[in-house]
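Notes follow the structure.
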Amino acid sequence: MGMAFSPKAFHPLILLLFSLVLVSHLSNAQTNLPIVPGLSWTFYNTTCPRVEAIIKNRLTQIFQNDSAQAAGLLRLHFHDCFVQGCDGSVLLDGSASGPSEKNAPPNLSLRARSFTIINELRDLIQTNCGRVVSCSDIVAIAARDSVAWSGGPNYSIPLGRRDGLTFATRNETLRNLPPPTSSAGQLLAALAANQNLSATDLVALSGGHTIGFSSCFSFRNRLFPTQDFTMNLTLAGSLRLVCPTNTTTNFTFLDPRTPRLFDNQYYVNLVNREGLFTSDRTCSPMSGLVTLLIASPLISPCFSRSSSSRW
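Residue numbers -29 to -1, 1 to 282, in mature numbering (1 follows the signal peptide of the UniProt record, and there is no 0), belong to the letters of the sequence shown in order.
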């Protein structure tokens, strides 16, 4: 990791990421958006002009071999940004004095390969440009390219994030990354208190579940000891085949219909009661937003709200 900074100033970037993910046809307007001081659309034009090409070329090779890595990199970016800002601190290893943010319970399920990929990209960039590109920027670019590879928008992002030198504590990580067993209401309360986020933001963030996997552990509370009556019966039956007991460690797709495509099918699944997590039982403040995204997936209210109020 390279440059250091006070990470809190850059936390709003996660909101832009997931908002842009939901609005495909805004690429021409993105460079006109106001950005956080310190970031720039041309940050590496002089010091490492090929940084995005280097990352894209390597990720293309990786995704051609295993497209599932795209979801892992997207989730890594979210977990990095949501705790103490987009500072790359989730990449830091712990020491004898205490466990790292990486080793906190919410991050133990992050793909080990995702960390390896970021290290590979860092080494490639340093070979070409020296130690001028922050790991936090590498993580952000990799997440964007993961979305694009999966069929989502290839949006522009401002660069210039600084890497944090310290990681969050276990308790801070737990406070900012609620467990998958949280209800929608609990998530809304936690996000409002800790991040000053709204139902609109939560719906946008949840859209990242359009790709990737989940372990049985993350939704077993909806199957055992009794089945959640709000879950679609057909889905529940298929999940019981994957997770026959409450100790099963198997995995299943977050979106079984288009598991590797970044689209709005996740929201369709919610309306059909086919979401995996407890929070997928949408509460009333979220239901209308979900319906809107199904009807008009390319024009999201999440974009204008998040980008205008949280940059």
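Ideal placement from N, C-alpha and C gives every residue a C-beta, glycine not left out.
Values in this document were obtained by computation on a predicted structure and should not be read as measured data.
| Item | Value |
| --- | --- |
| Starting from the Cα of Leu136, find the closest Cα among Leu63, Thr218, Ser11 and give me that residue. | Leu63 |
| Going by DSSP, what residue range makes up the alpha helix (DSSP H) through Phe53? | 40 to 55 |
| For Arg84 and Gln40, I'd like the C-alpha separation in whole angstroms. | 8 Å |
| Is it right to say Gly56 is buried, meaning 16 or more other beta carbons lie within 10 angstroms of its own, or is it exposed? | buried |
| Roughly how many angstroms lie between the CA atoms of Val104 and Asp58, to the nearest whole one? | 12 Å |
| Do the stretch 212 to 226 and the stretch 257 to 267 make contact, defined as three or more Cβ pairs closer than 8 Å? | no |
| So Ala228 and Met202 are supposed to be a Cβ contact under 8 Å. How far apart are they, rounded? | The residue asked about is misnamed: residue 228 is Arg in this sequence, not Ala. Wrong, their Cβ atoms sit about 16 Å apart, outside the cutoff. |
| Which residues does DSSP pair with Thr223 in a beta bridge? | Ser185 |
| Is Asp64 near the ligand HEM - that is, is its Cβ less than 7 Å away from at least one heavy atom of it? | The model on display carries no ligand, and the ligand HEM is accordingly not part of it. |
| Identify whether Gln1 lies in helix, strand or coil by the three-state DSSP scheme. | Confidence in Gln1 is poor, its pLDDT being 49 and thus under 50, which makes the residue's placement unreliable; the coordinate value appears in the next sentence. Looking at Gln1 - three-state DSSP - the assignment turns out to be helix. |
| Is the stretch 45 to 56 touching the stretch 4 to 17 in the sense that three or more CB pairs, one from each, lie closer than 8 Å? | no |
| Measuring CA to CA, which of Ser68, Leu148, Gly69 is closest to Arg46? | Leu148 |
| With distance defined between alpha-carbon atoms, name the residue in Arg21, Ala75, Ser154, Glu91 nearest to Ser250. | Ser154 |
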